[in-house]
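Participant: Structure below; questions to follow.
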Amino acid sequence: MEKDIQTIITTNEQETRQVGEQLGSSFAGGEVIALNGDLGAGKTVLTKGIALGMGIDAHILSPTFNIVREYHGRKMLYHFDFYRLTEAEELYEIGFSEYLREDAVVVIEWAQLFPEVLPQNCICIDIVYGEGDTRKITIQRNA
Ligand SMILES: Nc1ncnc2c1ncn2[C@@H]1O[C@H](COP(=O)(O)OP(=O)(O)O)[C@@H](O)[C@H]1O
Ligand SMILES: [Mg+2]
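Numbering (the numbering used here), first residue to last: 249 to 391.
Put into structure tokens, the structure is as follows:
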């Protein structure tokens, strides 16, 4: 399996949003983005950027209490947060696999909590705290 790894350092929230925006504008549908990183790392900020890049101007809220939020843009964006899930069973109950469509983009915060539900070709993004407000964003595409 060929891997393409890219690392970006951002120094503020806006830069992280811009990284997301660039990604979002490149998405054609069928992308699944597994977002990992500690609380406050910037997963929701990055998702806001992705939404912006997909032509979504809605306010992006953290889906923590809802498991998933849906947005209409060039493609549908399904924004998941696995943080409060206790077992993968809860994902089957809401029909998780039906969200993984070729004409939609799926972003999952805390994806590492249930790696077994992720498709093999997902784009893994890790956000790690650095000094001050810096964040190290690693994007790994499995192609
Ligand atoms: N370089 C940066 N990138 C992203 N967010 C940053 C950065 N520096 C500071 N922040 C702040 O960190 C917080 C990230 O919050 P959020 O995206 O909700 O985190 P998460 O969803 O990972 O828990 C925001 O308050 C944001 O302003
Ligand atoms: Mg979040």
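A virtual CB, placed ideally from N, CA and C, is assigned to each residue, including glycine.
When DSSP labels each residue in this structure, what does Glu379 get in the three-state scheme?
Facilitator: Of the three classes helix, strand and coil, the one that applies to Glu379 here is coil, per DSSP.
Participant: With DSSP as the reference, please indicate the residues paired to Thr258 in a beta bridge.
Facilitator: Per DSSP, Arg383.
Participant: With a CB to CB cut of under 7 Å and the five nearest residues on each side skipped, what residues in its chain are close to Thr259?
Facilitator: Cβ within range, chain order: Asp381 and Thr382.
Participant: Go ahead and label Gly301 buried or exposed: buried means 16 or more other beta carbons lie within 10 angstroms of its beta carbon, across all protein chains shown.
Facilitator: Gly301 comes out buried.
Participant: Measuring only the C-alpha atoms, how far is Leu325 from Leu271?
Facilitator: So the alpha carbons of these two residues sit roughly 13 Å apart.
Participant: Leaving out five residues before and five after Ile298 in sequence, what residues of the same chain have Cβ atoms less than 8 Å from its Cβ?
Facilitator: Once the five neighbours on either side are set aside, the close Cβ partners of Ile298 are Gly268, Glu269, Leu271, Gly272, Phe275, Ile281, Leu325, Val353 and Val355.
Participant: Nearest to Trp358 by CA position, among Ile256, Gly321, Val316 and Asn369, is which residue?
Facilitator: Considering only alpha carbons, the answer is Val316.
Participant: Cα separation between His320 and Gly378?
Facilitator: Each residue's alpha carbon lies about 34 Å from the other.
Participant: At a cut-off of 6 Å, would you count Asn260 as near ligand 1, judging by its Cβ distance to the nearest heavy atom?
Facilitator: Flag set: Cβ of Asn260 near ligand 1.
Participant: Below 6 Å, is the gap between the Cβ of Thr292 and the nearest heavy atom of ligand 1?
Facilitator: Yes, ligand 1 has a heavy atom inside 6 Å of this Cβ.
Participant: Does the distance from the CB of Glu350 to the CB of Gly277 come in under 7 Å?
Facilitator: For Glu350 and Gly277, yes; Cβs fall inside 7 Å.
Participant: Which residue's Cα is closest to the Cα of Tyr218: Asp305, Glu346 and Leu283?
Facilitator: There is simply no residue 218 to check, as the chain begins at 249 and stops at 391 in what is shown.
Participant: By DSSP, does Tyr326 sit in helix, in strand, or in coil?
Facilitator: Note: Tyr326 maps to strand in three-state DSSP.
Participant: Taking the alpha helix (DSSP H) that Tyr319 belongs to, which residues open and close that run?
Facilitator: No alpha helix (DSSP H) holds Tyr319; the beta strand (DSSP E) holding it covers Val316 to His320.
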